[in-house]
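Enquirer:
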Amino acid sequence: GVTGHVAMSKAASVRASVRDCEEKEVVVDESVTALGFGFLHLPPTRYAPLVIKTVKQDSWADLQGIIPGSELIELEGQEAGRLSAEEFRQVLKQRPLRLKLAPPHGEVWKQVAAFQQQVVALSLQKVHLQQALKDESDRVMRELGICTELEKSNSMQHKAKVLKDQAQRLQEKQALEEEMDKLKAELQTCHLQMDVERQQMEAERSKFQEDLQEASQLATDHATQRSLLEEQLKDLQAKMDSSTAQLTELTAQLDSEREARQQ
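Numbering-wise (this note's numbering), the sequence shown opens with residue 688 and increments by one.
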């Protein structure tokens with residue numbers, strides 16, 4: 688594989704125009720989390736392109752028609768094989784990501800790709816057959832009433848876990864009940880304090896109303912006394928006015944008599 692790749696990379700300049708014609712550019716959008724292919728060598732390499740060694744079935748790469756032996760020429764406009772390892776890892780994480788790819792060169796890589804696809808298909812068939820065999824074995828054992836030691840162990844572990852969970856829930860329930868009792872006691876204490884404060888407020892309000900009534904009565908009495916005083920003052924003023932008039936009249940008489948005597 689490595690020797691063939693070296694020979695292929697040496698002949699790249701000769702076939703450059705052919706490869707350029709076959710190159711294609713694809714864009715990896717934000718929804719793709721894994722590309723689904725592995726490389727023969729990671730950068731930096733002596734060869735500018737990176738050769739794709741494996742392609743995971745039903746992956747993004749598989750859906751794009753990428754097969755083993757394909758070459759990754761550029762990442763975001765940079766030659767893939769010239770990047771450092773850190774640059775390569777960082778660029779692969781970018782989304783969207785532009786890739787420039789070229790198909791495999793020669794029939795050998797195409798045969799390898801076909802062979803790997805067959806291997807993947809056979810591996811999947813093997814997994815399906817193993818699962819089907821296990822399911823059938825479990826079904827037969829259940830029908831015959833056979834319980835394996837593993838199943839017994841799993842059953843005991845399950846029961847132990849259930850009991851442990853029940854004990855934990857019981858402890859949590861008891862803790863919650865204790866907390867509820869504590870809260871109820873605090874709430875009852877708060878209610879008693881509120882009742883005491885309410886009674887005090889009622890007593891203060893009654894006293895305030897009594898004081899208000901007393902103040903109102905005093906104001907009424909004061910207004911009555913003021914009215915009486917004002918009436919008395921008016922009477923006195925009238926009397927003073929009458930006295931002043933009489934005094935003026937007497938003074939006038941005296942003046943007249945004095946003038947008469949002088950004549």
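Ideal placement from N, C-alpha and C gives every residue a C-beta, glycine not left out.
What first and last residue would you give for the beta strand (DSSP E) that runs through Leu785?
Expert: Before going on, a small fix: residue 785 reads as Arg here, not Leu. Where Arg785 is concerned, the enclosing beta strand (DSSP E) stretches over 784–789.
Enquirer: Looking at C-alpha atoms only, which residue of Ser746, Ala767, Gln817 is the closest neighbour of Val738?
Expert: Out of Ser746, Ala767, Gln817, Ala767 has the C-alpha closest to the C-alpha of Val738.
Enquirer: Along the chain, where does the alpha helix (DSSP H) containing Glu758 start, and where does it finish?
Expert: Careful: Glu758 lies outside any alpha helix (DSSP H), inside the beta strand (DSSP E) at 758–762.
Enquirer: For Glu710, which of helix, strand or coil comes out of DSSP?
Expert: DSSP places Glu710 in coil when its eight states are reduced to three.
Enquirer: By the DSSP assignment, the beta strand (DSSP E) with Val742 in it spans what residues?
Expert: Here the beta strand (DSSP E) through Val742 covers 737–742.
Enquirer: Expressed to the nearest angstrom, what Euclidean distance is found between the alpha-carbon atoms of Cys708 and Pro790?
Expert: The predicted position of Cys708 is uncertain, since its pLDDT is 48 and thus under 50; no value can be drawn from it.
Enquirer: Hey, how far is the Cα of Leu784 from the Cα of Gly725?
Expert: Their backbone Cα atoms lie some 17 angstroms apart in a straight line.
Enquirer: Per DSSP, which one or two residues make a beta bridge with Gln765?
Expert: DSSP lists Leu762 as partners of Gln765.
Enquirer: Out of Gly752, Asp942, Gly756, state which residue places its alpha-carbon closest to the alpha-carbon of Leu727.
Expert: Cα-wise, what sits closest to Leu727 is Gly756.
Enquirer: Could you give the C-beta distance for Leu786 and Glu712, rounded to a whole number, given that I count them as a contact under 8 angstroms?
Expert: About 7 angstroms; that satisfies the 8 angstroms criterion.
Enquirer: On the DSSP letters alone, give me the boundaries of the alpha helix (DSSP H) that Glu774 sits inside.
Expert: It spans 772–780 - the alpha helix (DSSP H) in which Glu774 sits, taken as one unbroken run.
Enquirer: Give the DSSP-derived three-state secondary structure of Val883 in the structure shown.
Expert: In this structure, Val883 counts as helix in the three-state DSSP scheme.
Enquirer: Taking the continuous alpha helix (DSSP H) assigned at Leu750, which residues delimit it?
Expert: First-last of the alpha helix (DSSP H) with Leu750: 747–750.
Enquirer: Is Val827 helix, strand or coil by DSSP?
Expert: DSSP places Val827 in helix when its eight states are reduced to three.
Enquirer: Given a threshold of 16 other Cβ atoms within 10 Å of its Cβ, counted over all protein chains shown, does His792 qualify as buried or as exposed?
Expert: It counts as buried.
Enquirer: Using DSSP's beta-bridge definition, name the partner residues of Val715.
Expert: Looking at the DSSP assignment, Val715 forms a beta bridge with Leu784.
Enquirer: What does the alpha-carbon distance come out to for the pair Gln949 and Leu934?
Expert: Computed Cα separation, rounded: 23 angstroms.
Enquirer: Gly725 lies in the beta strand (DSSP E); which residues open and close that run?
Expert: That run of the beta strand (DSSP E) goes 724–726.
Enquirer: Could you give the DSSP three-state label for Ala925: helix, strand or coil?
Expert: Note: Ala925 maps to helix in three-state DSSP.
Enquirer: Determine, using beta-carbon pairs with one atom in the region 714–725 and one in the region 742–756, whether at least three such pairs fall under 8 angstroms.
Expert: Contact between the region 714–725 and the region 742–756 is present, because at least three Cβ pairs lie under 8 angstroms.
Enquirer: Please classify Phe775 as buried or exposed, where buried requires at least 16 other C-beta atoms within 10 Å of its C-beta.
Expert: When all chains shown are included, Phe775 counts as buried.
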